[in-house]
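Residue numbers (the working numbering): 18 to 288.
Cβ coordinates follow ideal geometry from the N, Cα and C atoms, glycine included.
Contents: one structure, followed by commentary.
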Amino acid sequence: MSVRGIPAPSLYRPPAYWEDRAQRFAAEGDGLAAVCAYGMPEFYNRAIHLGQRLALEPWLKVGRGTRVLDVGCGVGRWSRLLAARGALVTGVDLSPTMVAQAERRAAIAGLAGQCRFEVQDLSELNVGGQFDRVLGVTVLQHILDAAALRRALVAMTAHLAPGGRMILLEAAPVAAVSRCDSTVFRARRRDVYLDLFRSCNLELRALTGVDPAPFRTRLLPHVRTLPRHLSWSLLALATALSLPIEALFGRRAVGRSWHAVFVLEHRFGRN
């Protein structure tokens, strides 16, 4: 769904879909149109990125040498942030173009020595070794097949070191809300994720909110049916109304948030 007229495909083939996104937008600006809201205006995606960063910030404090696995790394926005704080980061993504952009951007930032990137399917993840942090930002919501979703989470758990933490930010409303679902995206109910985590021997250590303001999620299903100038105006208004609410109350307003941050530990992996 996009004001640039990029609808979700009728048939979702993840490798082809994500490579197409990357080829269209991964080199544009900060690459946010490829990894946040597909093809949306820069101001909109910058607001999404800011909201995500505010929600994740308490869990992104890493020491020098902390081993981080960034799954669905996209253009490496979180990989670079963590590497700049001293972490040693491995990023994986399904798209070769995303990975190439992540490598390029890390090199430009002088962080190539602390980052490595690989093309991998998350449901078949195998990068060797274990990590102190496993980070995934809006990744599982795009794995629609239940079996593939479980394989991905099992593989991520296997890469979690004893005492390590998995940090996931996903669309996970408290009640079932399908208005933004598409052939490439699923806003699963929060309890579905919690049940899945328990079945994979993951224990919830913290649960925080991200985006309690409802303006953008209520508007998005209608964006493509409106004239472009009106869509942009409404998106700008919804973004302006959302930002102060999410900045002030986002993490605390867990029950009202569309997305959630899950902080998890392996039940048998704590020191």
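Between which two residues does the beta strand (DSSP E) carrying residue i extend?
i: M183; result: L177 to A188
i: R150; result: F148 to V154
i: R41; result: From DSSP, R41 is part of no beta strand (DSSP E) but of the alpha helix (DSSP H) over P31 to F42.
i: V85; result: R84 to V88
Compare the C-alpha of residue i against each of the options and name the closest.
i: T234; options: F148, R196 and V144; result: R196
i: A257; options: H239, H276, D228 and V201; result: D228
i: E135; options: I160, A163, Y29 and G91; result: G91
i: V271; options: P238, L237, L224 and L247; result: L224
i: L237; options: S27, A169, A54 and L49; result: A54
i: E120; options: E282, A43, L213 and S274; result: A43
Tell me the rounded alpha-carbon separation between residue i and residue j.
i: W35; j: S112; result: 6 Å
i: S96; j: R245; result: 34 Å
i: S250; j: T114; result: 32 Å
i: R287; j: Q40; result: Model confidence at R287 stands at a pLDDT of 45, short of 50, so the residue's coordinates are unreliable and nothing is read from them.
i: M18; j: L152; result: Legend: pLDDT at M18 = 38, less than 50; position of this residue unreliable, no value from coordinates given.
i: E45; j: R122; result: 12 Å
i: L211; j: A255; result: 30 Å
i: L128; j: V144; result: 20 Å
i: E220; j: A25; result: 34 Å
i: R203; j: L177; result: 25 Å
i: R205; j: Q158; result: 7 Å
i: I184; j: D138; result: 19 Å
i: H283; j: V171; result: 11 Å
i: R289; j: L247; result: The structure shown has nothing for residue 289, since the chain only spans 18 to 288.
Tell me residue i's beta-bridge partners as DSSP assigns them.
i: L281; result: M183 and L221
i: L133; result: According to the sequence as given, residue 133 is Arg; it is not Leu. Partner(s): T107.
i: S96; result: Looking at the DSSP assignment, S96 forms no beta bridge with any residue, so it has no partner.
i: S199; result: F202
Check for me: the alpha helix (DSSP H) holding residue i runs from which residue to which?
i: L236; result: F232 to L236
i: V209; result: R207 to S216
i: R70; result: E59 to L73
i: W76; result: Run containing W76: none; DSSP gives neither H nor E here.
* Inter-stretch contact at 8 Å, needing at least 3 Cβ pairs: the region 62 to 82 / the region 260 to 274 -> Yes: the two stretches touch, three or more of their Cβ pairs being nearer than 8 Å.
* Asked: Are the region 181 to 190 and the region 96 to 110 touching, with three or more C-beta to C-beta distances below 8 Å?
  -> no
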